[in-house]
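Remarks on the structure that follows.
Numbering (this note's numbering), first residue to last: 30 to 448.
Dropping the structure here:
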């Protein structure tokens with residue numbers, strides 16, 4: 030990953046990039062892949078949505094719930110960079126519908142799960158489907174972007190965040206009335222996604238052949254050792270920031286509803302409204318994050334998304350229910366505004382490695398959130414949800430380390446050196 034060579038694998042990715050840069054933006058594909066991202070992540074969001082059901086129907090404690098989240102997150106996070114690395118060498122259009130078929134199987138198993146171990150198996154199938162979708166979906170977004178890479182990544186990522194925001198709604202309207210069997214409805218959602226992905230895969234295949242026929246041989250310089258160290262350090266800092274953002278997200282989506290129940294005495298049903306507000310605001314923030322980063326800089330946007338949300342995060346565990354609505358909307362919008370920006374920033378660090386880097390950043394974010402769920406679940410059992418949420422409120426302050434990242438201007442100069 031650290032060396033940019035003239036190998037055929039890097040050449041293929043470079044050809045696709047160069048071919049895409051001179052083409053118009055293909056909006057029908059962008060919106061189609063964004064729609065599937067919404068469907069995929071809404072299915073994926075079934076897992077946190079069923080936490081209250083698992084707690085009541087199966088009598089699970091917070092630690093066991095954390096392991097359910099860990100199972101899906103780690104399955105997806107481990108496989109996403111692997112899928113990305115493979116697709117950088119050999120782009121695979123029909124991996125998209127095949128991955129969604131794995132998700133369909135997972136939902137079918139979940140609907141009929143009567144034991145804890147079957148639940149774990151089901152979420153692993155969903156995790157594998159997510160791992161297959163995200164790197165190739167990000168590549169499709171890049172290929173269809175033309176010259177509007179930031180906008181394309183925002184459209185793609187906002188679909189996913191919008192899908193995630195549906196988790197509280199699903200808990201309230203599907204899983205509380207129907208229990209785990211409510212997951213059967215999402216086999217139909219997966220079926221719709223498969224049909225759309227077959228259309229996308231056909232375009233993807235044709236575009237690959239067209240790009241291969243038109244592209245000329247591209248020679249890329251080897252990265253000098255000093256620059257390699259700088260790039261790797263920047264990647265480590267970026268991964269660390271993603272790690273912190275993911276842990277905060279895991280606290281909010283996995284345990285904040287329980288905190289609301291313990292702190293204010295409200296029902297889990299009503300607590301879902303607060304989680305929905307946070308995630309919906311995050312989806313809006315993700316959409317505007319791309320254009321805002323184009324205007325104010327990617328590094329500045331990453332910095333703002335962390336430290337800008339910190340004051341509100343620190344206040345949140347101590348305010349009334351009315352103020353909680355306001356603060357959750359602000360935190361969601363600000364904190365998740367850098368979701369797509371971190372992916373684009375990482376792709377600029379390693380041009381020509383679209384699948385690998387997309388899988389690493391999005392997959393790692395998902396996986397680290399899973400580890401966070403296990404740790405936070407253990408802490409909730411030991412010290413209670415209120416204390417855990419008060420501790421997590423300090424996490425956005427770690428955004429101060431964004432200053433260790435290279436500026437946008439420096440990053441662009443590095444990309445020009447590598448080309």
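Cβ atoms here follow ideal geometry from the backbone N, Cα and C, with glycine treated the same way.
Rounded C-alpha distance that separates residue i from residue j
| i | j | result |
| --- | --- | --- |
| residue 310 | residue 363 | 8 Å |
| residue 209 | residue 417 | 28 Å |
| residue 142 | residue 239 | 46 Å |
| residue 297 | residue 201 | 8 Å |
| residue 402 | residue 96 | 7 Å |
| residue 313 | residue 330 | 15 Å |
| residue 139 | residue 203 | 14 Å |
| residue 383 | residue 284 | 33 Å |
| residue 233 | residue 169 | 7 Å |
| residue 80 | residue 94 | 6 Å |
| residue 354 | residue 277 | 18 Å |
| residue 303 | residue 257 | 44 Å |
| residue 369 | residue 326 | 13 Å |
| residue 226 | residue 128 | 10 Å |
| residue 103 | residue 400 | 8 Å |
| residue 422 | residue 216 | 37 Å |
| residue 380 | residue 213 | 41 Å |
| residue 374 | residue 77 | 29 Å |
| residue 248 | residue 52 | Here residue 248 scores only 47 on pLDDT, less than 50, and its place in the model should not be relied on; the value that follows carries that caveat. So the alpha carbons of these two residues sit roughly 21 Å apart. |
Expected contact under 8 Å - CB spacing of residue i and residue j to nearest Å
| i | j | result |
| --- | --- | --- |
| residue 222 | residue 433 | Contact flag wrong, Cβ pair sits at about 39 Å. |
| residue 59 | residue 173 | 5 Å |
| residue 288 | residue 92 | No, residue 288 and residue 92 are not in contact; Cβ-Cβ is about 16 Å, not under 8 Å. |
| residue 113 | residue 389 | 7 Å |
| residue 342 | residue 425 | 5 Å |
| residue 385 | residue 117 | 5 Å |
| residue 260 | residue 146 | With a Cβ gap of about 43 Å, residue 260 and residue 146 do not count as contacting. |
| residue 308 | residue 358 | Contact doesn't hold; Cβ gap of about 11 Å is too wide. |
| residue 125 | residue 229 | 6 Å |
Check whether residue i and residue j have beta carbons under 9 Å apart
| i | j | result |
| --- | --- | --- |
| residue 497 | residue 131 | Examination of residue 497 is not possible in this model, given that the chain is present from 30 through 448 alone. |
| residue 345 | residue 356 | yes |
| residue 360 | residue 420 | no |
| residue 137 | residue 100 | no |
| residue 366 | residue 321 | yes |
| residue 391 | residue 266 | no |
| residue 279 | residue 197 | no |
| residue 328 | residue 436 | yes |
| residue 271 | residue 371 | yes |
| residue 182 | residue 167 | yes |
| residue 66 | residue 220 | no |
| residue 109 | residue 387 | yes |
| residue 334 | residue 319 | no |
| residue 351 | residue 187 | no |
| residue 339 | residue 211 | no |
Coarse secondary structure for residue i, derived from DSSP in three states
| i | result |
| --- | --- |
| residue 295 | coil |
| residue 380 | coil |
| residue 412 | helix |
| residue 79 | coil |
| residue 339 | helix |
| residue 425 | helix |
| residue 119 | coil |
| residue 436 | coil |
| residue 313 | helix |
| residue 110 | helix |
| residue 144 | coil |
| residue 387 | helix |
Q: Check whether the segment 170–178 touches the segment 189–206, counting contact only when three or more Cβ pairs, one atom from each stretch, lie closer than 8 Å.
A: Under the three-pair Cβ rule at 8 Å, the segment 170–178 does not count as touching the segment 189–206.
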